[in-house]
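Input: a single structure, listed below in structure tokens.
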Amino acid sequence: MKSRKDANTLDWIEAMEREPLPADELLAELLRWARAGWLRHLDGAVARFALELEPGAHPLVLLCGALVAHMESRGHSCLLLEELHERPDELLSWSAEPREALRAVLQRLPGELPAWLDTLRGCALVQDAEAVDGHGEEADSDTAPLVLCGTRLYLRRYWHYEQRVAAQVRLRGALREAVDTASARAWLERLFAAEAGQRTPKTDWQKVACAVALRGRLSVITGGPGTGKTYTVARLLALLLATAPHPERLRIALAAPTGKAAARLKQSIEGSLQALAGRIGDALDLAALTARIGAARTLHGLLGGRPDTRRFAFDASHPLDVDVLIVDEASMIHLEMMAALLEALPETARVVLLGDKDQLASVEAGAVLGDLCGDADPGGYDAECRAYVQATCGTQLPEDDGGARSGALAQQIVMLRESRRFGGPIGKLALAVNQGKVAAAQRVLRDAQGAEVHWLEAASPQAVVRLALEGRPGAPGGYAAYLQALRERPQGEDEGAHAEWATRVLTAFERFRVLCAVREGDWGVEGFNLAIEAALLRAGWLRKTGEWYEGRPVMVTRNQPALGVFNGDIGIVLRAPGARGALRVYLLEGPQLRSVLASRLADVATAFALTVHKSQGSEFEHTVLALPDQGSSQVLTRELAYTGITRARTAFTLVSPQPGVLAAAIERKTKRASGLREALAG
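In structure tokens:
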């Protein structure tokens with residue numbers, strides 16, 4: 001027997017199918033969808049605002065306006081009209097009731113896709129992309145809130161971001177530096193000389209990446225964990241120092257989307273340069289190079305982000321004072337930030353983007369690294385690039401069945417292929433997931449029930465809470481290490497001893513983390529943070545006297561440049577030295593410890609558990625990935641599982657209430673609607 005709600009919905013759908021759809025009725029239906037949680041209230045407001053701007057607007061325009069706003073909130077830069085017309089269920093991934101309601105609406109709108117496009121072009125709220133400046137610049141007359149490009153519909157702002165990124169990439173990707181190939185080859189041989197007993201790969205892609213980046217103003221180095229992206233870029237910096245006409249003037253900057261990723265980039269490059277200095281001796285002053293690099297920064301901090309505005313201090317009119325910019329974790333960079341970053345670079349500067357193209361894309365709209373590296377796997381280098389690599393590396397690149405890729409940037413992308421870190425079960429599991437091989441992934445989980453990889457099928461989230469308190473045999477014991485360090489607080493007011501203790505607490509905390517696919521619910525971040533906190537309080541590990549208490553791990557959720565903290569930074573609440581010390585949030589960036597008065601941080605969340613998205617740029621000795629049941633299937637994707645697995649260094653535990661959850665995630669590959677790849681083709 002159907003519920004009254006289901007019966008009312010079906011009656012409404014049947015009534016809708018019998019008659020044309022007036023704009024005010026559609027608007028009321030969109031607002032109903034927002035109240036039901038199928039759309040955001042903002043999405044419905046977009047349609048209402050469109051009707052206010054154009055009272056005679058066709059209902060199709062209102063529907064598409066609401067849906068394009070909704071798709072932007074889910075990371076898409078545009079709405080694919082062909083998919084909405086032909087496969088609306090796949091496009092939106094809604095449950096049965098909203099799918100039926102959407103189908104009923106679509107049946108009362110113009111039937112064929114060409115008719116849809118004509119209707120949109122005929123509305124004053126929609127501007128055809130052919131009438132927009134080809135460089136993404138807005139003319140004074142460009143006031144329509146929507147832009148139609150072929151069968152893609154954009155919010156105007158995201159159309160311009162996409163065009164600006166494409167214009168910058170085409171410009172910088174085509175610029176080439178003059179290279180003394182003989183000198184470059186001599187230095188590359190020295191920088192990549194094999195150590196005793198080390199196997200020399202047939203194609204040293206790290207060396208190739210350095211050579212390719214040496215000649216370009218824009219380069220991309222992609223590869224999975226352990227493939228040596230920062231190892232490679234450290235040698236690139238040494239190569240630039242060795243071949244620059246005025247090396248003492250070389251201005252180098254390091255950046256990443258989050259503070260933790262920036263600190264890891266700096267630490268990794270410094271470590272690689274120090275090791276390299278021991279091998280090449282006094283031939284290069286790598287110590288001076290390391291000192292000149294300076295602190296790594298978040299992208300927001302690098303560009304001079306201003307509070308409560310989308311504008312930055314540095315832009316095309318006020319470019320950054322830099323010759324070489326290295327940007328790590330580029331998969332996390334959304335479309336708007338990439339546009340701002342590329343436009344703020346002087347035309348003469350080199351920029352090298354590092355990242356894993358197979359990781360989760362940015363939380364906000366766009367999948368820029370994925371769009372740039374869409375054809376990176378086969379290589380696809382042209383004859384000119386092959387000759388250059390042969391001359392500088394002494395390496396003949398392998399032939400590609402697909403032939404050379406079009407576009408200048410395609411010749412500046414190098415994919416690192418050999419992982420030096422993941423050779424055991426974690427690496428095998430990550431590879432199987434990334435390749436979409438369900439049976440292989442399940443075989444790894446079944447056969448490797450040991451210290452490195454463990455699969456725990458649990459009906460209750462309490463299994464994850466127990467791991468957080470106790471760990472598991474053969475793997476680091478949950479949060480016990482940081483909690484034990486917390487109890488070893490030094491007495492007195494010695495600031496040096498206190499700083500050493502705070503560093504020990506923070507370092508121990510970073511050994512373990514619970515990662516989640518969702519935010520809400522018992523299997524989400526919010527549920528696990530409450531449950532883990534309650535369990536630690538009951539066990540006597542923590543004492544809570546209010547919102548702020550010593551030992552509370554927190555994640556910053558909003559940029560506060562004035563305090564030097566940014567969205568994604570993680571710290572722990574500790575008392576300052578002395579018996580009456582104030583509660584402060586201590587953060588560790590590489591070896592550098594800093595703190596902020598807790599009462600000054602208004603936007604933080606407890607961080608025993610994080611979403612997989614928020615964990616990007618971090619690694620933990622033991623990572624627990626908690627996947628909810630298949631009712632949350634729309635967020636469980638191959639990229640999410642791969643990213644979660646590759647956060648683990650030495651131990652990985654998968655916890656799920658159903659055995660088929662991981663398989664369902666592997667089979668669902670993320671697709672971000674975008675026109676960037678077409679725009680890059682000109």
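Note that the UniProt record's numbering gives residue 385 to position 385 of the sequence shown, counting from 1, and the numbers run on in steps of one.
Even for Gly, the Cβ is constructed at its ideal location relative to N, Cα and C.
Predicted, not measured: the structure shown is a model, and the values here were computed from it.
Write down the C-beta distance between valine 61 and alanine 50 rounded to the nearest angstrom, noting that I regard them as a contact closer than 8 Å. Their Cβ separation, rounded to whole angstroms, is 6 Å, which keeps valine 61 and alanine 50 in contact under 8 Å.
Mind reading off the beta-carbon distance from lysine 207 to phenylalanine 192? Whole number of angstroms is fine, and I expect it under 8 Å. Contact between lysine 207 and phenylalanine 192 holds: CB atoms are separated by about 5 Å, below the 8 Å threshold.
DSSP has proline 553 in a bridge; who is on the other side? Ile572
Skipping 5 residues on each side, what residues in its chain have a beta carbon closer than 6 Å to that of leucine 483? Trp541
Could you tell me the alpha carbon to alpha carbon distance between arginine 249 and isoleucine 572, rounded to whole angstroms? 39 Å
Cβ pair alanine 344, leucine 284 closer than 7 Å: no
Are the region 521–540 and the region 605–616 touching, with three or more C-beta to C-beta distances below 8 Å? These segments touch.
According to DSSP, which residues form a beta bridge with alanine 648? Looking at the DSSP assignment, alanine 648 forms a beta bridge with Phe620.
Which whole-angstrom value is the C-beta distance of arginine 40 and alanine 34, which I expect to be below 8 Å? 6 Å
Neighbourhood of leucine 587 by C-beta distance below 8 Å, restricted to the same chain and skipping five residues each side: Closer than 8 Å at the Cβ level, and outside the excluded window around leucine 587, lie Gly259, Leu506, Val565, Asp569, Ile570, Gly571, Leu593, Arg594, Ser595 and Val596.
In the DSSP assignment, the beta strand (DSSP E) including valine 514 goes from what residue to what residue? If you look at valine 514, you'll find it in the beta strand (DSSP E) that goes 512–516.
Segment contact, 8 Å Cβ cut-off, at least three pairs: the region 330–348 with the region 302–311: yes
I'd like the span of the beta strand (DSSP E) that includes arginine 350, first residue to last. 350–355
Assuming contact is defined by CB atoms lying nearer than 7 Å, are tyrosine 154 and cysteine 78 in contact in what I supplied? Yes, the Cβ-Cβ distance between tyrosine 154 and cysteine 78 is below 7 Å.
Validate contact between the region 97–105 and the region 386–401 using beta carbons, cut 8 Å, 3 pairs: no
Tell whether a beta-carbon distance below 7 Å holds between glutamate 619 and leucine 360. Contact: no.
Range covered by the beta strand (DSSP E) that runs through glutamate 162: Counting along the chain, glutamate 162 falls outside any beta strand (DSSP E), though it belongs to the alpha helix (DSSP H) covering 156–174.
For isoleucine 326: DSSP bridge partner residues: Leu254 and Val352
Following the continuous beta strand (DSSP E) through glutamate 457, name the residue where it begins and the one where it ends. 453–457
Start and end of the beta strand (DSSP E) containing aspartate 128? 126–128
Out of curiosity, what's the CA-to-CA distance linking alanine 287 and isoleucine 252? 14 Å
Looking at C-alpha atoms only, which residue of Ala451, Trp548, Val351 and Gly496 is the closest neighbour of glycine 215? The sequence given here has arginine at residue 215, not glycine. Taking only the C-alpha atoms, the option nearest arginine 215 is Val351.
From Leu26, Arg504 and Tyr158, pick the residue whose C-alpha is nearest to that of alanine 679; which is it? Tyr158
Alpha carbon to alpha carbon, how far is glycine 355 from isoleucine 221? Give it in angstroms, no decimals. 7 Å
Do glycine 590 and glutamine 267 count as a contact pair if the criterion is CB distance below 7 Å? yes
Report the CB separation of alanine 383 from threonine 646 in whole angstroms; it is logged as a contact under 8 Å. With 8 Å as the limit, alanine 383 and threonine 646 do not qualify as a contact, their Cβ atoms being about 35 Å apart.
In angstroms with no decimal places, state the Cα-to-Cα distance between serine 615 and glycine 521. 19 Å
Run through DSSP, which three-state label would arginine 542 get? The question names arginine, but residue 542 in the sequence shown is leucine. Residue state, collapsed to three classes: coil.
Measuring CB to CB, does leucine 218 end up less than 7 Å from arginine 264? no
Given that a residue counts as buried once 16 or more other Cβ atoms are within 10 Å of its Cβ, and exposed if not, what is glycine 224? buried
Tell me whether glutamine 462 is buried or exposed, calling it buried when 16 or more other Cβ atoms sit within 10 Å of its Cβ. exposed
Classification of glutamine 107 by the beta-carbon crowding that lies within 10 angstroms, buried from 16 upward: exposed
Alpha helix (DSSP H) segment containing threonine 243, residue limits: 229–243
What would DSSP say about serine 599, mapped onto helix, strand or coil? Residue state for serine 599 is assigned as helix, using DSSP reduced to three classes.
Can you check DSSP and say which residues form a bridge with methionine 338? For methionine 338, which the question treats as bridged, DSSP gives no partner whatsoever.
Cβ pair glutamate 329, proline 257 closer than 7 Å: yes
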